[in-house]
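Chains as they are written, first to last, in the UniProt record's numbering: chain R, 1 to 224; chain V, 1 to 224. Cβ atoms here follow ideal geometry from the backbone N, Cα and C, with glycine treated the same way.
2 protein chains.
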Amino acid sequence: MWLMFQFPLCPFSRKIRLLLGEKGVGYELVRESPWQRRDEFIDMNPAGQTPVMADDSRNLVLIDSQAICEYFEETEEKSPMISGTAQNRAEIRRLTTWFDQQFYGDVVAPLMNEKMRKRLVDRTSPDAKMLREAMKNAVSHLDYTDYLLDHRNWLAGATLSLADLTAAAHISVADYLGGIDWRGHDLTSRWYAGLKSRPSFRPLLGERMEVIVPPAHYDKVDFL
Amino acid sequence: MWLMFQFPLCPFSRKIRLLLGEKGVGYELVRESPWQRRDEFIDMNPAGQTPVMADDSRNLVLIDSQAICEYFEETEEKSPMISGTAQNRAEIRRLTTWFDQQFYGDVVAPLMNEKMRKRLVDRTSPDAKMLREAMKNAVSHLDYTDYLLDHRNWLAGATLSLADLTAAAHISVADYLGGIDWRGHDLTSRWYAGLKSRPSFRPLLGERMEVIVPPAHYDKVDFL
Ligand SMILES: N[C@@H](CCC(=O)N[C@@H](CS)C(=O)NCC(=O)O)C(=O)O
Ligand SMILES: N[C@@H](CCC(=O)N[C@@H](CS)C(=O)NCC(=O)O)C(=O)O
Chain R
1 MWLMFQFPLC PFSRKIRLLL GEKGVGYELV RESPWQRRDE FIDMNPAGQT
51 PVMADDSRNL VLIDSQAICE YFEETEEKSP MISGTAQNRA EIRRLTTWFD
101 QQFYGDVVAP LMNEKMRKRL VDRTSPDAKM LREAMKNAVS HLDYTDYLLD
151 HRNWLAGATL SLADLTAAAH ISVADYLGGI DWRGHDLTSR WYAGLKSRPS
201 FRPLLGERME VIVPPAHYDK VDFL
Chain V
1 MWLMFQFPLC PFSRKIRLLL GEKGVGYELV RESPWQRRDE FIDMNPAGQT
51 PVMADDSRNL VLIDSQAICE YFEETEEKSP MISGTAQNRA EIRRLTTWFD
101 QQFYGDVVAP LMNEKMRKRL VDRTSPDAKM LREAMKNAVS HLDYTDYLLD
151 HRNWLAGATL SLADLTAAAH ISVADYLGGI DWRGHDLTSR WYAGLKSRPS
201 FRPLLGERME VIVPPAHYDK VDFL
């Protein structure tokens with residue numbers, strides 16, 4: 001049985017969970033708070049980051065969300081999410097990295113820091129200026145997804161791919177933390193509503209991170 | 001003909017150049033300084049980052065070093081660098097990401113900022129405290145590569161892989177900028193000397209970034 005070390009608002013874990021949900025691969029969740037830097041966790045992943053996937057029965061430990069997604073893409077044929085020509089696959093990987101690095105760095109990481117880490121770890125209040133900045137960044141990122149969805153059915157092309165799952169993972173964490181202003185982003189809203197209604201997404205939307213309450217629209221499919 | 005948009009000290013470009021060198025794929029270099037945020041470059045890559053690979057004759061633009069490496073791994077059979085079992089491949093990708101994110105963030109990015117960007121763009125002096133911090137980080141990273149090479153022939157296992165090329169790319173930029181203290185890291189030194197002597201590495205070691213002079217040992221294979 002696969003174990004996934006994660007916490008409810010880790011976007012990189014959500015990315016893998018959406019992929020495994022689409023592929024129908026089972027796993028068990030193990031709660032890990034990387035900011036506690038637990039010794040046994042650092043021994044397993046020297047980078048000290050979630051997600052980590054482990055299969056004890058086969059002595060297997062997988063680290064880094066992209067390495068993990070590529071692993072399951074290679075070993076589970078059902079619902080390929082990095083598919084098409086080499087050029088299509090390069091575009092899927094480009095956009096996946098875009099969300100894992102640009103969107104995460106500009107939007108999700110500052111929101112998590114202000115609204116989650118400061119509250120749970122430092123017990124201080126969020127910095128309003130940092131929050132405004134992250135929300136402004138989110139707007140310009142959603143302008144870009146609107147632009148892509150004006151030209152394509154899905155973010156990276158004609159079919160649902162890891163780029164959509166990764167984008168939805170990051171956007172869902174930002175939305176939980178109240179960082180997304182959906183007004184004026186009709187194409188992205190419609191695309192996101194479609195993803196939210198997928199069976200792979202439902203369990204994620206039902207989970208809560210202690211003390212932090214999401215906005216009312218967060219888990220609704222008809223959210224506008 | 002492939003064009004690669006890059007500058008001599010971009011570690012992510014070096015990673016691809018080592019891969020293409022091993023595979024024998026030809027390309028032409030186009031000098032791009034991402035900090036100038038040239039409009040035509042941003043139009044090509046909205047992330048505004050080097051490297052970008054373009055093949056005008058086929059209207060192909062590839063973005064993000066990992067997406068680019070995966071593309072050439074899929075399209076060029078010679079000298080596979082992400083090979084072996086799915087588990088081996090996951091380990092190669094984990095370590096590739098380790099160098100692209102942890103080593104880059106802890107060591108290469110601060111060195112480039114202090115010793116290159118401040119000099120070329122801001123025309124200010126490097127901050128000695130930041131430099132010391134980056135060099136201290138480099139030591140603990142090389143402790144980790146020493147540990148890996150004590151258990152394996154190459155960083156990710158029995159064969160040369162993209163993990164070695166990526167590590168060498170980042171280390172070479174840090175070394176150019178005077179950030180690596182090789183003393184006490186015998187296993188990593190020997191591994192790096194072996195990589196430096198490969199034909200894929202020689203052209204990189206011959207290039208210079210204007211006004212910034214590397215230490216005397218930088219391009220020597222017998223450097224200790
Ligand atoms: N490249 C990693 C990034 C994972 C990551 O940044 N995880 C965050 C939690 S969402 C973390 O563990 N941060 C703690 C730290 O970096 O020390 C991946 O894709 O899995
Ligand atoms: N994920 C990218 C990262 C590339 C990157 O960070 N490039 C640096 C130069 S070494 C850059 O263009 N920085 C300018 C910027 O981020 O604005 C890749 O692997 O290609």
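Contacts around residue i, its chain only, beta-carbon distance under 8 Å, and the 5 residues preceding and following it disregarded
i                      : result
Glu-91 of chain V      : Ala-156, Gly-157 and Ala-163
residue 233 of chain V : Limits of chain V in this structure are 1 at one end and 224 at the other, which puts residue 233 of chain V out of reach.
Ala-167 of chain R     : Leu-95, Phe-99, Phe-103, Thr-145 and Leu-155
Pro-126 of chain R     : Glu-114, Lys-115, Lys-118 and Arg-119
Ala-82 of chain V      : Residue identity differs from the one stated: residue 82 of chain V is Ile in this sequence, not Ala. So the qualifying residues of the chain are Cys-69, Glu-70, Glu-73, Arg-89, Ile-92, Arg-93, Ser-161 and Leu-162.
Ser-65 of chain R      : Phe-12, Ser-13, Lys-15, Ile-16, Pro-51 and Asp-100
Arg-37 of chain V      : Gly-48
Ser-57 of chain V      : Met-1
Val-41 of chain R      : Correcting the residue type first, residue 41 of chain R is Phe in the shown sequence and not Val. Answer for Phe-41 of chain R: Phe-5, Glu-32, Pro-34, Gly-48 and Val-52, listed in chain order.
Bridge partners - residue i, DSSP secondary structure assignment
i                  : result
Phe-5 of chain V   : V:Val-30 and V:Val-52
Met-209 of chain V : V:Ile-212
Ile-63 of chain R  : R:Val-52
Gly-157 of chain V : V:Trp-154
6 Å CB neighbourhood of residue i in its chain, flanking five on each side removed
i                      : result
residue 227 of chain V : An answer regarding residue 227 of chain V cannot be provided, because it is not within the stretch 1 to 224 covered by chain V.
Trp-2 of chain R       : Tyr-27, Met-53 and Asp-55
Gly-21 of chain R      : Ser-200
Leu-160 of chain V     : Trp-154
Asp-219 of chain R     : Leu-205
Arg-190 of chain V     : none
Pro-110 of chain R     : Met-130 and Ala-134
His-217 of chain R     : Phe-223
N-terminal and C-terminal residue of the alpha helix (DSSP H) that residue i is part of
i                      : result
Tyr-218 of chain R     : It is not in any alpha helix (DSSP H) - Tyr-218 of chain R carries neither H nor E in the DSSP assignment.
Thr-166 of chain V     : 162–176
Lys-23 of chain R      : 11–23
Thr-145 of chain R     : 128–151
residue 225 of chain R : One cannot answer for residue 225 of chain R here, as it falls past the ends of chain R, which runs 1 to 224.
Thr-188 of chain V     : 186–196
Phe-41 of chain V      : 39–44
Met-112 of chain V     : 109–112
Close beta carbons around residue i, own chain, < 7 Å, minus the five adjacent residues each side
i                  : result
Pro-11 of chain R  : Tyr-104, Val-108, Ala-169, His-170 and Val-173
Lys-196 of chain V : Leu-205 and Val-221
Arg-31 of chain V  : Phe-7
Leu-148 of chain V : Leu-155
Lys-23 of chain R  : Phe-72, Glu-76, Lys-78 and Ser-79
Thr-188 of chain R : Leu-142, Thr-145, Asp-146 and Leu-149
Asn-137 of chain R : Asp-106 and Val-107
Arg-208 of chain R : Pro-8
Val-121 of chain V : Trp-35
Thr-124 of chain V : Lys-118
His-185 of chain V : Leu-142 and Asp-146
Leu-29 of chain V  : Met-4 and Gln-6
Within 8 Å, do at least three Cβ pairs link the region 45–62 of chain V to the region 9–27 of chain V? yes
If you measure from each residue's Cβ to the nearest non-hydrogen atom of ligand 2, which ones come out under 5 Å, in chain order? V:Cys-10, V:Phe-12, V:Pro-34, V:Gly-48, V:Gln-49, V:Thr-50, V:Asp-64 and V:Ser-65
Per the contact definition of three or more C-beta pairs closer than 8 Å, is the region 96–111 of chain R in contact with the region 78–97 of chain V? no
Measuring CB atoms only, is the region 202–218 of chain R touching the region 115–126 of chain R, in the sense that at least three cross pairs come out at less than 8 Å? Output reads yes: the region 115–126 of chain R touches the region 202–218 of chain R.
Spell out a yes or no on whether the region 121–138 of chain R and the region 179–196 of chain R are touching, meaning 3 or more CB-CB pairs, one atom from each, closer than 8 Å. yes
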